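Asks: Just dropping this structure here.
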Amino acid sequence: MSVAPAIAELAAALGARARPNESLARHTTLRIGGPADLWIEAHTLVELVESVTRARERAIPVFILGNGSNLLVLDGGIRGLVIENHCNQFRLNVTNDKQAILRVESGAALPLIANQLARQGWSGLEWAVGVPGTVGGAVAGNAGAHAGCIADRLLTVSILDEAGQVIELPKTDLGFEYRQSRLKHSRGEIVLGADFEMTRDDPQACIARMNQYTEHRRRTQPTEASVGSMFKNPPGDYAGRLIEQAGLKGTRVGNVEVSPVHANFFVNHGGATATDVVQLIEIVKDRVARKFGVELELEIEIVGDKAAA
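For the sequence shown, this note's numbering assigns the number 776 to the initial residue and increments by one for each residue that follows.
See below:
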């Protein structure tokens, strides 16, 4: 079966909730991205697994989209099925008066979970209150901030593997590094949920830490549409410092700009394209490499096809 009939057949199987040629600019924090061949939301794990299974039965590629942060979708869009993951249930299993296990689905918004638990006096994820993403993406990319990261508290991850089996993997099997895990570039393994170890603390102390992190973010990061941190921090330094010292704050290509507020953020002033972003990435990487001898590595993921010529 060729691609177009297979997509049409999958759309019919998924029903009215599935949308063909959905613009992904509406679903990313940078407000950039071409169309998905087919797009659907999943609000339960049953819906998520069923959608993946039906696509795989027809040999149609699947891309799981969370909050759309740390992601640049190219102007030609994404082939196959894009599933926007809204599976957000969680429960807290209190093991003793000092510890609990948080089990949370992969589509849950990480800052909302962190905020809710901290206000109940459960510590461990306060650093995530300003991280714009879902649990699944945060696990795959080992998200972090303020000297904390996902791997610090993660116990196990539930995934749907390439064979369609749901399996539990311990943290030690996931190859965690700085802003990296084996899941980050694996299309065959889909994160369904994760378990985290939480520690009892005074709610007011937890809230104070969150407020401190939120205020720091407000003072140091732009408010315009952005992808989040563009580059990983090189060992012993900060990408933002290198970019700023290279004189690149305020540099623009089209309507995308190196933020004057924080140089490791690119902001979309409206109507920017992925092509603009890619060009600006290359300008920044080249200038920093020539000035400092440092090869900046992307923290974001670039997906999809280039626009047709």
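For glycine and all other residues, C-beta sits at the position ideal for the given N, C-alpha and C. In this text the structure is predicted, and so the values were computed from the model without any measurement.
Considering only the alpha carbon of each residue, which of PHE951, ILE835, LEU877, ALA913 lies closest to LEU846?
Replies: The candidate whose alpha carbon is nearest that of LEU846 is ALA913.
Asks: By DSSP's criteria, PHE1041 is part of a beta bridge. Which residues make up the other side?
Replies: According to DSSP, PHE1041 bridges with VAL1033.
Asks: Would you mind working out which of HIS960, ILE1056, GLU1032 sits nearest GLY1046, comparing C-alpha positions?
Replies: Nearest of HIS960, ILE1056, GLU1032 to GLY1046, Cα basis: GLU1032.
Asks: Check for me: the beta strand (DSSP E) holding LEU929 runs from which residue to which?
Replies: Segment 929 to 935, the beta strand (DSSP E) holding LEU929.
Asks: Would you decide whether HIS960 is buried or exposed? Buried here means 16 or more other CB atoms lie within 10 Å of its CB.
Replies: With fewer than 16 Cβ atoms within 10 Å of its Cβ, HIS960 is classed as exposed.
Asks: If MET985 and PHE1040 are in contact, beta carbons under 8 Å, what's the gap, nearest whole angstrom?
Replies: The Cβ separation is near 21 Å, so there is no contact.
Asks: In its own chain, which residues sit with a C-beta less than 7 Å from the C-beta of ALA786, not counting the 5 before and 5 after it?
Replies: The answer, listed in chain order, is ALA793, PRO795, LEU813.
Asks: When the Cα atoms are used, what is the spatial distance from ASN860 to GLU990?
Replies: Going by the C-alpha atoms only, they are around 29 Å apart.
Asks: For the alpha helix (DSSP H) containing ASN890, name the first residue and the last one.
Replies: It spans 885 to 894 - the alpha helix (DSSP H) in which ASN890 sits, taken as one unbroken run.
Asks: Per DSSP, which residues does PHE1006 bridge with? Please list them.
Replies: Per DSSP, LEU1073.
Asks: Give every residue of the same chain whose Cβ lies closer than 7 Å to the Cβ of PRO1035, excluding the five residues on either side of it in the sequence, and list them in chain order.
Replies: Hits under 7 Å: LYS1024, GLY1025.
Asks: Mapping the DSSP letters down to three states, classify GLY850 as helix, strand or coil.
Replies: Checking the sequence, you will find Asp at residue 850 rather than Gly. It is coil, neither helix nor strand.
Asks: DSSP three-state call for ILE807: helix, strand or coil?
Replies: The answer is coil: DSSP assigns ILE807 none of H, G, I, E or B.
Asks: Mapping the DSSP letters down to three states, classify THR995 as helix, strand or coil.
Replies: In this structure, THR995 counts as helix in the three-state DSSP scheme.
Asks: Using DSSP with H/G/I as helix, E/B as strand and the rest coil, what is PHE951?
Replies: Note: PHE951 maps to coil in three-state DSSP.
Asks: Determine the closest residue to LEU867 out of TRP897, ALA918, PRO1009, ALA834, with distance taken between C-alpha atoms.
Replies: Answer by Cα proximity: TRP897.
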